[in-house]
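Remarks on the structure that follows.
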Amino acid sequence: MTDPYGGPDRRRGGPDRRNPDQRTKILLVDDHAFFRMGLRQLLEQESDFDIVAEAEDSHTAFNAAAEHTPDIVLMDLSLPAPGGIETTQRVKREVPSAGIIVLAVSEDEDQLFDAIKAGAAAFILKDIDPADLVTIIRRVTAGEYLINDKVFARPTVAGRVLKEFRELAIYGQEAAPIFAPLSPREVEILDNIAKGMTNKQVAYAL
Numbered sequence: 120m121t122d123p124y125g126g127p128d129r130r131r132g133g134p135d136r137r138n139p140d141q142r143t144k145i146l147l148v149d150d151h152a153f154f155r156m157g158l159r160q161l162l163e164q165e166s167d168f169d170i171v172a173e174a175e176d177s178h179t180a181f182n183a184a185a186e187h188t189p190d191i192v193l194m195d196l197s198l199p200a201p202g203g204i205e206t207t208q209r210v211k212r213e214v215p216s217a218g219i220i221v222l223a224v225s226e227d228e229d230q231l232f233d234a235i236k237a238g239a240a241a242f243i244l245k246d247i248d249p250a251d252l253v254t255i256i257r258r259v260t261a262g263e264y265l266i267n268d269k270v271f272a273r274p275t276v277a278g279r280v281l282k283e284f285r286e287l288a289i290y291g292q293e294a295a296p297i298f299a300p301l302s303p304r305e306v307e308i309l310d311n312i313a314k315g316m317t318n319k320q321v322a323y324a325l
């Protein structure tokens, strides 16, 4: 099995959502019942996962999050209006501790930027290998923000994230609620990537 988020630890002291006395509470959000059923059947095979609720639209997702305070939310980006991004923002405001994993049909850079801005912890494709999905859920539960790895791989997105991150700092606004936490080292990496440096050049510069 290949971990699509392999590499250095990205936790950076993020909130560990694990409770040794309880299973990981998961909320499934997708407007296709067949897809939700497949996710449920897959995840219910894991003894440490507890599917606490399902939702087919933004309103139901918000209410379910408020009621169950899930540790993990699997969020379809293609939800009907107001859509997956806005639903992610609303759920994250209601349950700040939740790790939101957004599921997309393609790696669209605009969606990736919007997802990290909304507070998502991971960005994955719907055709992900089931074993990899289980691994990612556990890593996000442990406090990792895997979405940053996706950003580092895309100079255009890295530049947009860095620009907004710095604008927030200039105007004295708190960046943490808007972007996944970035360490000073990761801000430096973003800066180098945005300048067009290759991974080898970035590694040498650091």
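Start counting the sequence shown at 120; every next residue gets the next number (the working numbering). Just so you know, even glycine gets a beta-carbon here, dropped at the ideal spot from N, CA and C.
Taken atom to atom, the span from the alpha-carbon of V214 to that of P274 is near 31 Å. Residue state for G203 is assigned as helix, using DSSP reduced to three classes. For V259, the CB contacts under 8 Å within the same chain, skipping 5 residues up- and downstream, are R136, I191, G218, I220, A240, A241 and L265 in chain order. When Cβ pairs closer than 8 Å are counted between the two stretches, the stretch 201–214 is seen to touch the stretch 173–186, the count reaching three or more.
In the DSSP assignment, V224 falls outside any beta strand (DSSP E) and carries neither an H nor an E. Rounded to the nearest angstrom, the Cβ distance from L222 to D195 is 5 Å, consistent with a contact under 8 Å.
Shown here, K269 sits in a helix according to DSSP, grouped into three states. Assignment of V214 by DSSP, reduced to helix, strand and coil, places it in the coil class. Under the three-state reduction of DSSP output, D195 falls in the strand class. Cβ-Cβ distances below 7 Å link I255 to Y124, I220, A241, I243 and L265 in the same chain, with the five nearest sequence neighbours on each side left out; the list follows chain order. DSSP, reduced to helix, strand and coil, places K245 outside both helices and strands of the structure shown, so it counts as coil. The stretch 167–176 makes contact with the stretch 138–154, as at least three CB pairs between them are under 8 Å.
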